[in-house]
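Residue numbers (the numbering used here): 143 to 610.
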């Protein structure tokens, strides 16, 4: 673990195993409750240094982190593949995205501005002006998931550093090594001690990161149940939640079907569907249903499952066998109720075949809840507005995609869909790292994307000047 600029050990040494074959890939010290408190104290003491650091210095540190990620790209990618089971090609792409995230944060650190507000709305306020500026909040707890061990970490660390906050990072217990490699890179930049801390720990020790009054904000990415519990237990803290999803894609008849099919395969099955904006529900207009499905099924069957370190692997394992067993249970339950497996549906250990289902009722678990698995449910539709209503028939609202060349339909989707982002002529799984990202309903509150995360991590303050 990395606390107050130093590497520490503990009495708890955990073995990290590959989800693909169960072999050990490394060992990590997990922090005790006292060590978590030590990290909180360090972040609290370092806040004065962080908040007074000039923007050019914050920008320089973030640039140096991005450069360090570039130098160690292959090592970082292998750590992701080994711990998370993400295919090596996708792991390299994740490192590239993290580099972009830190580069963006470096740019944003230089332009955290404010605005001048004229206050002379009546005679008494003549010659009065207001100045609004953003100030950092203080120590921030960041809790990150297993599915993007580097880039989702970057989306919390980079804006926190850019805005002059201190941060306590608690990475997912399945994938802590990547965050510790990041700590090595950060340590080389000269960032003052205590501003950035990495503390792998169990739930009991992590309780301090939620309850301690010195923590001013919690930024959490993970399951909806845990996220909302954290928010309920921290009513006086600022909390941003990027939670679960059940993303839908709607395909209209005039769409570029070849492109739509290709992207739908990626959106449904990349990283074994373990992405919050993975396509779980696919709505196809009845005019193109058969044509789309023929190509979609053929491309899905051509995907190669296997070792994430194999350069030719398209889909690796799920994060553990328990996750694969739950997927198997939900698929079998749907089949028993009358669903039809078009392809896939079989499990081997932690591997689950990419699976396409038809004839699924919306309220069944495989369609209603977040599967977080390589499973997509297909629905035909006739009326576009009815399809949008079906998309909204969900407790989640992260992102949705619509393939259409009709601008009016695109605008209608933008206005009607109850999600944080509507992606036109691409899949809901699309994300570029400077755009606002977050959801509504059970999918969370607040926004990520570097500039938007900086707004979440800062407080507006007004200076009112009487210049008479």
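Glycine residues also receive a C-beta, built at the ideal position from the N, C-alpha and C atoms.
7 Å Cβ shell around residue i - same chain, five flanking residues per side excluded
| i | result |
| --- | --- |
| residue 540 | 387, 389, 418, 419, 561, 562, 581, 585 |
| residue 319 | 158, 168, 170, 221, 225 |
| residue 399 | 430, 433, 434 |
| residue 333 | 203 |
Rounded straight-line distance, which links the Cα of residue j to that of residue i
| i | j | result |
| --- | --- | --- |
| residue 199 | residue 242 | 19 Å |
| residue 381 | residue 433 | 45 Å |
| residue 533 | residue 550 | 18 Å |
| residue 357 | residue 497 | 43 Å |
| residue 376 | residue 461 | 29 Å |
| residue 209 | residue 607 | 43 Å |
| residue 367 | residue 384 | 12 Å |
| residue 514 | residue 605 | 47 Å |
| residue 321 | residue 272 | 42 Å |
| residue 425 | residue 557 | 18 Å |
| residue 378 | residue 355 | 9 Å |
| residue 175 | residue 349 | 8 Å |
| residue 491 | residue 463 | 6 Å |
| residue 486 | residue 495 | 5 Å |
| residue 246 | residue 275 | 21 Å |
| residue 187 | residue 338 | 12 Å |
| residue 147 | residue 589 | 29 Å |
| residue 340 | residue 361 | 15 Å |
| residue 180 | residue 145 | 8 Å |
| residue 489 | residue 219 | 26 Å |
| residue 156 | residue 317 | 11 Å |
| residue 244 | residue 150 | 26 Å |
| residue 369 | residue 493 | 27 Å |
| residue 178 | residue 351 | 8 Å |
| residue 235 | residue 265 | 59 Å |
| residue 232 | residue 314 | 19 Å |
| residue 591 | residue 578 | 5 Å |
| residue 248 | residue 527 | 42 Å |
| residue 284 | residue 310 | 6 Å |
| residue 484 | residue 404 | 18 Å |
Whether residue i touches residue j by CB criterion (8 Å)
| i | j | result |
| --- | --- | --- |
| residue 421 | residue 327 | no |
| residue 442 | residue 449 | no |
| residue 252 | residue 293 | no |
| residue 406 | residue 565 | no |
| residue 182 | residue 301 | no |
| residue 229 | residue 458 | yes |
| residue 143 | residue 342 | yes |
| residue 173 | residue 347 | yes |
| residue 475 | residue 507 | yes |
| residue 211 | residue 237 | yes |
| residue 436 | residue 516 | no |
| residue 192 | residue 308 | yes |
| residue 603 | residue 537 | no |
| residue 227 | residue 166 | no |
| residue 250 | residue 593 | yes |
Spatial neighbours of residue i in its chain, beta-carbon cut-off 6 Å, leaving aside the 5 residues before and after
| i | result |
| --- | --- |
| residue 305 | 278, 596, 599, 600 |
| residue 481 | 499, 501, 502 |
| residue 402 | 393, 545 |
| residue 519 | 423, 499, 502, 509 |
| residue 609 | 269 |
| residue 567 | 545 |
8 Å Cβ shell around residue i - same chain, five flanking residues per side excluded
| i | result |
| --- | --- |
| residue 217 | 323 |
| residue 530 | 392, 554, 555, 558, 559 |
| residue 131 | Not covered by the structure: residue 131. The range shown for the chain is 143 to 610. |
Residue environment, residue i, which counts as buried when at least 16 other CB atoms sit within 10 Å
| i | result |
| --- | --- |
| residue 472 | buried |
| residue 196 | exposed |
| residue 345 | exposed |
| residue 409 | buried |
| residue 260 | exposed |
| residue 262 | exposed |
| residue 194 | exposed |
| residue 190 | exposed |
| residue 575 | buried |
| residue 289 | buried |
| residue 512 | buried |
| residue 353 | exposed |
| residue 330 | exposed |
| residue 453 | exposed |
Interface flag, residue i vs chain C, CB-CB below 8 Å
| i | result |
| --- | --- |
| residue 608 | No chain C appears in this structure, which consists of one protein chain only. |
To test your reading of the DSSP string, which unbroken alpha helix (DSSP H) runs of 4 or more residues are found completely within the region 433 to 485?
463 to 478
Mind pulling the alpha helix (DSSP H) runs of 4 or more residues that sit fully within the region 378 to 442?
399 to 411
If you scan the region 216 to 292 from start to end, which runs of the alpha helix (DSSP H) of 4 or more residues do you find wholly inside it?
230 to 251
Can you give, in chain order, each stretch of the beta strand (DSSP E) that sits fully within the region 481 to 561 and has at least 3 residues?
482 to 485, 497 to 500, 517 to 523, 541 to 545
Which full runs of the beta strand (DSSP E) of 3+ residues lie inside the region 323 to 369, going along the chain?
338 to 340, 359 to 363
At 3 residues or longer, what runs of the beta strand (DSSP E) sit wholly inside the region 145 to 220?
155 to 159, 166 to 171
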